[in-house]
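> Sequence lines, in order, name chains R and Y. With the working numbering as the guide, the letters of the first sequence map in order to residues 950 to 1205. With the working numbering as the guide, the letters of the second sequence map in order to residues 950 to 1205.
2 protein chains.
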Amino acid sequence: MCSPIRKWHTGPMSTIRGARERARAEITAAIKEEARRQLAREGAARLSLRAVARELGVVSSALYRYFPNRDELLTALILDAYDAIGSTAERALAAADGDRPVARWRAVCRAVRQWALARPHEYALIYGSPVPGYSAPEITVAPASRVALALVAVVRDARAAGVLREPAGPPVPRSVAEDAELLTARLGLDLPAPVTAALLAAWAELFGLIGFEIFGQFNRVVEAREEFFDHAVARLAGTVGLTDGDRESAAPPPAS
Amino acid sequence: MCSPIRKWHTGPMSTIRGARERARAEITAAIKEEARRQLAREGAARLSLRAVARELGVVSSALYRYFPNRDELLTALILDAYDAIGSTAERALAAADGDRPVARWRAVCRAVRQWALARPHEYALIYGSPVPGYSAPEITVAPASRVALALVAVVRDARAAGVLREPAGPPVPRSVAEDAELLTARLGLDLPAPVTAALLAAWAELFGLIGFEIFGQFNRVVEAREEFFDHAVARLAGTVGLTDGDRESAAPPPAS
DNA sequence: CAATGAGGAGATCACTGCTCTCGTCCGAGA
DNA sequence: TCTCGGACGAGAGCAGTGATCTCCTCATTG
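(1) Kindly say whether valine 1061 (chain Y), judged by its beta-carbon, lies nearer than 8 Å to any beta-carbon of chain R.
(2) Give every residue of the same chain whose Cβ lies closer than 6 Å to the Cβ of glycine 992 (chain R), excluding the five residues on either side of it in the sequence, and list them in chain order.
(3) Express the C-alpha separation of phenylalanine 1164 (chain R) and tryptophan 1064 (chain R) in angstroms, rounding to a whole number.
(4) With a threshold of 7 Å on Cβ separation, who are the neighbours of serine 1009 (chain Y) within its own chain once the five nearest residues in sequence on each side are excluded?
(5) Please look up how many angstroms separate the CB atoms of glycine 1190 (chain Y) and alanine 1147 (chain Y), rounded, as I've assumed it's under 8 Å.
(6) Tell me whether glycine 1194 (chain R) sits in a helix, a strand or coil according to DSSP, three-state version.
(7) Inspect the CB distances between the segment 1140-1159 of chain Y and the segment 1086-1105 of chain Y and report whether three or more fall short of 8 Å.
(8) Pull the bridge partners of leucine 1113 (chain Y) from the DSSP assignment, please.
(9) Around the C-beta of aspartate 1128 (chain Y), are 16 or more other C-beta atoms found within 10 angstroms, so that it is buried, or is it exposed?
(10) Starting from phenylalanine 1161 (chain R) and walking both ways along the alpha helix (DSSP H), at which residues does that stretch end?
(11) Is valine 1125 (chain Y) closer than 8 Å to glutamate 1176 (chain R) when the C-beta atoms are compared?
(12) Classify isoleucine 1075 (chain Y): buried if its beta carbon has 16 or more other beta carbons within 10 angstroms, exposed otherwise.
(13) Among the candidates R:Asp1029, R:Val1057, R:Leu1028 and R:Pro1050, whose CA atom is the shortest distance from the CA of arginine 1040 (chain R)?
(14) Using a Cβ cut-off of 9 Å, pull out every chain R residue sitting near alanine 1183 (chain Y), in sequence order please.
(15) If I'm right that proline 1206 (chain R) touches glutamate 1115 (chain R) with Cβ under 8 Å, what's the distance once you round it to whole angstroms?
(16) Can you list, in chain order, the residues of the segment 1028-1059 of chain Y whose Cβ is nearer than 7 Å to any Cβ on chain R?
(17) Looking at the unbroken alpha helix (DSSP H) that takes in tyrosine 1031 (chain R), where does it start and where does it end?
(18) Just tell me which of Y:Glu970, Y:Gly967 and Y:Ala1033 has its CA closest to the CA of arginine 985 (chain Y).
(19) Which value, in whole angstroms, describes the spacing of the CA atoms of threonine 1188 (chain R) and valine 1121 (chain R)?
(20) If you draw a straight line from the alpha carbon of alanine 1168 (chain Y) to that of alanine 1150 (chain R), how long is it in whole angstroms?
(21) Is there a C-beta anywhere in chain R that falls below 8 Å from the one on threonine 1192 (chain Y)?
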């Protein structure tokens, strides 16, 4: 009856459809929610299907109606986490819209760090060691790149505004330049290879910094975490060529 | 009696002592060896005491004579891994003894990367997410710092040779400078705070790069892995102020 | 209004970490 | 040289895990 939409078969969006699949969606969400709670409390490897089921007042075998196995549940959590950190970065980017390039860069980096500090276990899930004999499936590559794309956007806009310096440093090797060009082409951008290379390194350093902070490598080494992070991120902005437009904002001559 | 050495109670070194404890040491080593094998095959969370025991032709409860629990076994593996990667870095440093600073820096970084690529699971054990609800004990801090100390040594020697530039970039905030001074004092060094700060960031970037490569973040993004790494590491050497002595080796004027 | 199939309950299997008890046998102290 | 303590391994057992299968129910759908 009513025939509003072609049911099943990949409906256009998450429209309401039957009450049945609404319930299904709700239960799926509840499972992930509880799983996330346990994740935060115990970590990924201690995440137990049975415990989730117990907490939901349901028998463990019931969960298998929603996730074929534990790893699939983890994959769902990983996807959610990538989406969450990605949209956090994008939100920060949007919020810093009119700002100068270095400020936008810092805003994105800070947002990512804050997200990670608030959810260390979820962060570990996506940027720590891939879980137990579990290698991230292909589906994760798109959401995984959203943070990187936010960083790229800052640089792209800076270049469009004509305030992007060509980064200093050793020349970019041929093969790396080719990778860089492939990448920028794939993103529909036009960035010089040295910038792309610097950007990739900065991307890695950002998560290196956050990972070291979260996983304890900075314990008893760096105490002023926030200030150090901001400082490192500001340096990073310089290495990818970001400036605030005024001349020589990031190159005081070497002392003495 | 006989009083050659005060037995037990922390003998001076790993001298031979009884045949009994020799056997104990051998079995302990065999357990760790087999555990490492399983680690390489399955990853940390799939590491099973029972499987190790089975492979060693022994009943599982027997292992508890050597390690009080699974986490302690993991801790032992972590310590070994830190020692291994640390001594690899130190060996590389020693092998590049007479070389110029940038070459020494690159040698250490390359050695660390090679070690990690050859043993991704062991690398994940120490630089990935801390294992299952397990937080690294204090004992790991000393061996964990050996790689960093190798990097520091390169910079220290460069400074002693007078070929260390003061790194460019934004001024170091007060609190970060204090951390830096505390750290250099603890190491008995005399490095300017900007250098120390840059060094810490470079340390994080090094492991960010290696982690991204091992954990798959560079898949379909960076194909010329080795060249990219070398290039990033060369840039990094520049950011901490390393030069090869000849003037302006790392600062070509911005094109155009 | 009927049947069909989604979903939950419960039993079961193989596996895990860990504990406890019980023989055995080595080696240090007399 | 003898003896006794203690290190060691075997084995049973407990509680917990992921996963599968069968059975029963009831709401949805045609």
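Don't be surprised by glycine CBs; every beta carbon is placed ideally from N, CA and C.
Once the coordinates are examined:
(1) no
(2) Closer than 6 Å at the Cβ level, and outside the excluded window around glycine 992 (chain R), lie His1070.
(3) 15 Å
(4) Leu998, Arg999 and Ala1002
(5) 7 Å
(6) Reduced to three states, the DSSP call for glycine 1194 (chain R) is coil.
(7) Cβ pair count under 8 Å is three or more, so yes.
(8) Y:Leu1191
(9) buried
(10) 1142-1163
(11) yes
(12) Under a 10 Å Cβ-count criterion, isoleucine 1075 (chain Y) is classified as buried, with 16 or more other Cβ atoms of the shown protein chains found around its own Cβ.
(13) Of the listed residues, the one whose Cα sits closest to arginine 1040 (chain R) is R:Val1057.
(14) Gly1118 and Pro1119
(15) Residue 1206 (chain R) lies beyond the range of chain R shown here (950 to 1205); nothing can be said about it.
(16) none
(17) From DSSP, the alpha helix (DSSP H) with tyrosine 1031 (chain R) extends over 1019-1044.
(18) Y:Ala1033
(19) 14 Å
(20) Before going on, a small fix: residue 1168 (chain Y) reads as asparagine here, not alanine. Straight-line Cα distance between these residues: approximately 14 Å.
(21) Interface flag for threonine 1192 (chain Y) against chain R is unset, since no Cβ pair is found closer than 8 Å.
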